[in-house]
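Residue numbers (the numbering used here), protein chains in the order written: chain A, 736 to 1347; chain B, 202 to 475. Take a look at the structure below.
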Amino acid sequence: MNRRWLGLLVAQVVFKGVVRVGVALLLAAAAVAAAPVFVVAIGGFAAAWYGGWQPRRLMVAAAWCGPMVLAWLAASGHDTAAAPFHAWLAFWKLARAGAIPRAAATIAPAAIPLGLVVAGLAWSYRIRSLGSGAGGLSPAAAVAFDHRQWRHQARAARARIAAPGSAPLTMRDDLVVAGAVIRTVGHRAGRLAVIGYQRLRSHQVVIGTTGTGKTTLLLRLWAGFMATGLRRHADGLGQPPLLVVLDCKGGSAARRVADRVRRVLRESGARSTAVWPDEASLSLWTLPPRQLTTTLVDLIEHGTGGAAYYTDVMEALIGLAVEAPCGPPLSTHDLLARLEPGWLSMAYASTGTPADHAMISTAAGHLADVALRYRTLFRRLGDGLDGPGGFEDADAWYCILEGTDQISVAESQARALVDLLASFAVRGPVKREILLCVDEFSAVSRRLPIWQLYERARALGLAVQVSAQSWQGLGASEDERRRIAASAEGGIWLLRTPEPEPIVTFAGSRRVVDTARRLVRFPFWAHAGSSRLTDRPVVDAALIRALDVGQAAYIYRAGVTYIQVKRMVGSPAAVGAPPVPPSPAVVAVPQPRALPDVSSVLDAAFGSERVT
Amino acid sequence: MARRKRAAAITGDTWCDKRVATADIHADGLVFTAEMYGVQLDQLAVALGVPERRAAALAAKWTSSGFADAARLGPGSRWVWLTRAGLARCGLPYTPVAPALSRLAHLRAVTAVRLALTATPQFAGAQAFWRSERRLRARFGRKIGLREHIPDGEVHWPDAASAGLTGTDVAWAGECWAIEAELTPKTLVKTVTVMREVLARTGDYGCPSADVTVPGRAPRHARVIYLCSSAAWPVVTRARDSIGGLAGRVEIRMLPPDAIYAPHSPPAALRGAR
């Protein structure tokens, strides 16, 4: 019995071996017979593997061979149907004669498109079988294949944008080029990653830890926004753009970024970039009186509960000072002067209502305290909000808030700047297409309710871009964070971050085939198993954790595009290194040449200058 | 033709000289009109040094030749401006367009400033030349840079004027001046912004945006000359006072009386000619 069973077993093994060898021989014979097609298919497959291509690219390449094939068939005479066969015969005849180049040229018109199609099908089969878990020799084959393909795709994307001019900043149809596509899921695959200008005009969220290329990405988006906006304006398609960046880190790093932003934006067509508060100022006092009162009260941190009484007193006094009959204050000094004892009584003496007088007498006891708080506040805020100047004075504003070492000051400044910008968007002298970017939002998120702005900004023609280092940096509470991320209709940019799971959920999941195979004995798999449809996240959280510097995932509408961001390079630094102080021995300091007097010609033409 | 020959015989000039002089007047007039967008006949007469009636005859000839259009667009003399054929005749790559009604006053003011400046002995002696706003604007083509502020004109004083190579030596030879004619007062902020931009500019108009303002490079305009109406004077002087060290490069004068766009205000020079 045992001998018989062993005999059957051996016969089965032998039969299987013979069948396999036979199939292999048949395939080998077919490969030899169709050697030109086989060579092209091998080459196409290898190129797709090395470059991490999609199978579609091979198919498109085969389709582009169509004109060549048509021309070849037309030139082959009347018997077009048999032309491939004749070419095949001629190929072997020439190959046997040793004329390999001629043989290759003879068969190329037929072999190249066929080979590319075969390579595309084989590559597609390979990707799908590994993606569904049905292919590969070992259990880890699919994972290793995916990692290897990611490396190949990333390398190809880096090479694609390395050449100068390979990735323009903008393209026709108002598209902004962010960089090269590494991989897409649920989005259309292309060579360059482009997003529409209108999507930049929507709210966006950018999340990535320090050193992952967040500033590079933002700079690219800002430059694209500015260049496209200016071009649209020149074509009469929109209002001029205005970019306002709140850099909530502060410090010397922010100054360096500001200089880089200025250089890059200048290359993009921006005429002027104002750096606040170092080089330019804004005037808080241009706000409408009621808005000014609200903003001034919000600038000071106040309590709730029992402390709300003092808040009400402060608001009443500030309202009286701002909305005085003589008009709103024009400067910090003006406001503080109005909080001096006796000023309010005098200002409202003739025109004030009994309610005003009652309020003044009631709150008079707290006037000194309120004045003290505002004196302290304005001393800490500096003169950046004391004018002159307005958002209409420049194409871009880079506002540096010292959020690292003076958080409360930065919070107040951010609040004031956002109120000023909202007021400008509503009542500004000229309508602008505004993009507000709050970089390192976590520094000011406690007192800057950006989601409120998010929800009403669209009507104001204002788009908001919020960047943070982590999900937690987007807001104080989970509700606030989710509200901000859910309103980001322009998409979410995700760079390397240790906890991407909350954001990954916004991309949702997709249905994929998952195959389970039975492992007989490592590394042998049985030819049995089961497949089922499962939900897999669109965004791979593990991939996000492993993103390299300059790589980003753009999540938009249940899809994701992994991008290698193209770095923006501005013209040489606008401000060079600080000059080295001359040594005492060097005494010849060049002085600017005094301008000669031109009064003679001007007086002759226009008369002398009028003395006022 | 016979009348021209007789006139030449009376004055002693040859007939050929007269033809050349007439051709010069035509060329100068066409180019001047093209550079200034359009001019009124009284100002054209001053520019060409001929009576207004003669300027009107010239304009009529241009109009009949298809080189120009003329019309009474507002108070004062008729306006004349070049057509596409006229601009092509001058070899100027400008877009043919009639003077906008909203800009007539400004165009007249700028032309008056140019005439007043070119009438000075220093201007002619130093071989200075006027670069008009239209010429500056044409350098941009259709680029985004059109948003840059463009002055109403530039006056270039050649370097040769200080080397004794020209008739008159001027101390400011080699300088380039920006000319601004201010008829209506703008806001102080706007005026300061324009003043700073013009004084800080380092690149020519139409240059790459990276070269517009390059720190460390010599400014393009050594000074800016503001010609103001009475209404604009206070704002411009306040703006100059608020730009600190740059104020020394700002000269402010009143607009010439002929610059005011009003009915029947023939230029003083022409009144003298009459």
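Beta carbons: idealized from backbone N, C-alpha and C, even for Gly.
Q. In whole angstroms, what is the alpha-carbon distance linking A1178(A) and A1106(A)?
A. Taking the straight line from one Cα to the other gives about 27 Å.
Q: Name, please, each residue of chain C whose Cβ falls closer than 9 Å to the Cβ of I461(B).
A: Of the chains in the structure shown, none is chain C; the protein chains are A and B.
Q | Contact with chain A by F324(B), beta-carbon distance below 8 Å | A | It does; some Cβ of chain A falls within 8 Å.
Q. Under 8 Å, do V399(B) and H357(B) count as touching if we go by C-beta distance?
A. Their beta carbons are not under 8 Å apart, which means V399(B) does not touch H357(B) by this criterion.
Q) Looking only at its own chain, which residues have a Cβ that is under 7 Å from the Cβ of A822(A), when we skip the five neighbours before and after it? A) Same-chain partners within the cutoff: T841, I842 and A845.
Q) Taking only runs of the alpha helix (DSSP H) that begin and end inside the region 1223-1285 of chain A, which ones reach a length of at least 4 residues, in chain order? A) Counting only runs of at least 4 residues, the region 1223-1285 of chain A fully encloses the following alpha helix (DSSP H) elements, listed from N- to C-terminal order: 1236-1239 and 1276-1280.
**Q.** Nearest to S1147(A) (by Cα), restricted to the options V1284(A), G1225(A), G1119(A) and L1195(A)
**A.** Looking at the Cα atoms, G1119(A) is the closest of the given residues.
**Q.** Assigned secondary structure, G1036(A) (DSSP; H/G/I helix, E/B strand, else coil)
**A.** Reading the sequence as shown, one finds Glu at residue 1036(A) and not Gly. Looking at E1036(A) - three-state DSSP - the assignment turns out to be coil, as it is neither helix nor strand.
Q) Using 8 Å as the Cβ pair cut-off and three pairs as the minimum, do the region 1165-1174 of chain A and the region 1010-1026 of chain A touch? A) No contact exists between the region 1165-1174 of chain A and the region 1010-1026 of chain A.
Q) Curious, which full-length alpha helix (DSSP H) runs of at least 4 residues does the region 809-853 of chain A contain? A) The qualifying runs are 818-831.
(Q) Here's a check: name, in chain order, each residue in its chain whose Cβ is nearer than 6 Å to the Cβ of W378(B), leaving out the five neighbours to either side. (A) Closer than 6 Å at the Cβ level, and outside the excluded window around W378(B), lie V356, R424 and I426.
(Q) Does the CB of E1344(A) have a neighbour CB from chain B at under 8 Å? (A) Interface residue, yes.
Q | Cut-off 6 Å between Cβ atoms - residues of its own chain near A854(A), not counting five sequence neighbours on either side | A | Take A854(A), set aside five residues on each side of it, and the residues of its chain with a beta-carbon closer than 6 Å to its own are A776, G779, F780 and L793, in chain order.
Q) Which word fits T1296(A), buried or exposed, when buried means at least 16 other C-beta atoms lie within 10 angstroms of its C-beta? A) Taking all protein chains in view, the Cβ of T1296(A) is crowded by 16 or more other Cβ atoms within 10 Å, so the residue is classified as buried.
Q | Any C-beta of chain B under 8 Å from that of S1335(A) | A | Under the Cβ distance rule, S1335(A) counts among the residues neighbouring chain B, one pair being separated by less than 8 Å.
Q | Host beta strand (DSSP E) of G931(A) (start-end) | A | Here the beta strand (DSSP E) through G931(A) covers L927 to G931.
Q | C-beta contact flag for L927(A) and V941(A) at 8 Å | A | Against a cut-off of 8 Å, the Cβ pair of V941(A) and L927(A) comes out as no contact.
Q.
Can you give me the C-alpha to C-alpha distance between S1318(A) and R1001(A), rounded to a whole angstrom?
A. Its pLDDT being 41, under 50, S1318(A) is placed unreliably in this model, and the value from its coordinates should be taken loosely. Straight-line Cα distance between these residues: approximately 36 Å.
Q. Any Cβ of chain A within less than 8 Å of the Cβ of R290(B)?
A. R290(B) does not count as touching chain A.
(Q) Applying the 10 Å Cβ sphere with the 16-neighbour rule, what's the burial state of I1238(A)? (A) Flag for I1238(A) reads buried.
Q. Among all the DSSP beta bridges, which residues are the ones paired with V240(B)?
A. Looking at the DSSP assignment, V240(B) forms a beta bridge with V281(B).
Q.
Considering Cα atoms alone, identify which of R285(B), L288(B), G239(B) and D412(B) is closest to R273(B).
A. Comparing Cα-Cα distances from R273(B) to each of R285(B), L288(B), G239(B) and D412(B), the minimum goes to G239(B).
Q. So, W1186(A) versus Q939(A), is the Cβ gap smaller than 8 Å?
A. With contacts defined by Cβ atoms closer than 8 Å, W1186(A) and Q939(A) do not form a contacting pair.
Q.
Between the alpha carbons of P1184(A) and F330(B), how many angstroms are there, rounded?
A. Counting only the Cα atoms, F330(B) lies some 58 Å from P1184(A).
Q: Taking only beta-carbon positions, decide if I426(B) is within less than 8 Å of chain A.
A: Chain A contact via Cβ: present.
Q | Y785(A) burial status per 10 Å Cβ neighbour count (16 or more: buried) | A | Label assigned to Y785(A): exposed.
Q) Short check: CB of Y295(B) to CB of F341(B), under 8 Å? A) Between Y295(B) and F341(B), the C-beta gap is not smaller than 8 Å, which leaves the two residues out of contact.
Q: Determine the DSSP secondary structure at G354(B), reduced to helix, strand or coil.
A: Assigned with DSSP and collapsed to three states, G354(B) falls in strand.
Q) Using the C-alpha atoms, what's the distance from R966(A) back to A1090(A)? A) Roughly 55 Å between the two C-alpha positions.
Q) Could you give the distance in angstroms between the alpha-carbon of A839(A) and the alpha-carbon of F826(A)? A) Their backbone Cα atoms lie some 7 Å apart in a straight line.
Q: Let me know if Y860(A) comes out buried or exposed under the rule of 16 or more other beta-carbons within 10 Å of its beta-carbon.
A: Looking at its Cβ environment, which holds fewer than 16 other Cβ atoms inside 10 Å, Y860(A) is exposed.
Q) Any C-beta of chain B sitting closer than 8 Å to the C-beta of G971(A)? A) G971(A) is outside the set of residues whose beta carbon lies under 8 Å from a beta carbon in chain B.
Q: Return yes when the C-beta of Y238(B) is under 7 Å from any heavy atom of the ligand ATP, and no when it is not.
A: This structure lacks the ligand ATP; in fact it carries no ligand of any kind.
Q: Could you tell me which of R791(A), A879(A), A797(A) and H1092(A) sits nearest to L851(A), measuring between CA atoms?
A: Of R791(A), A879(A), A797(A) and H1092(A), the residue nearest in Cα terms is A797(A).
Q) Do you know offhand how far I380(B)'s Cα is from P322(B)'s? A) Whole-angstrom Cα-Cα distance: 19 Å.
(Q) What are the residues in the region 433-458 of chain B lying within 8 Å of chain A by C-beta distance? (A) Residues of the region 433-458 of chain B with a C-beta atom less than 8 Å from some C-beta of chain A are W434, P435, T438, G449, R450, E452, I453, R454, M455, L456 and P457, listed in chain order.
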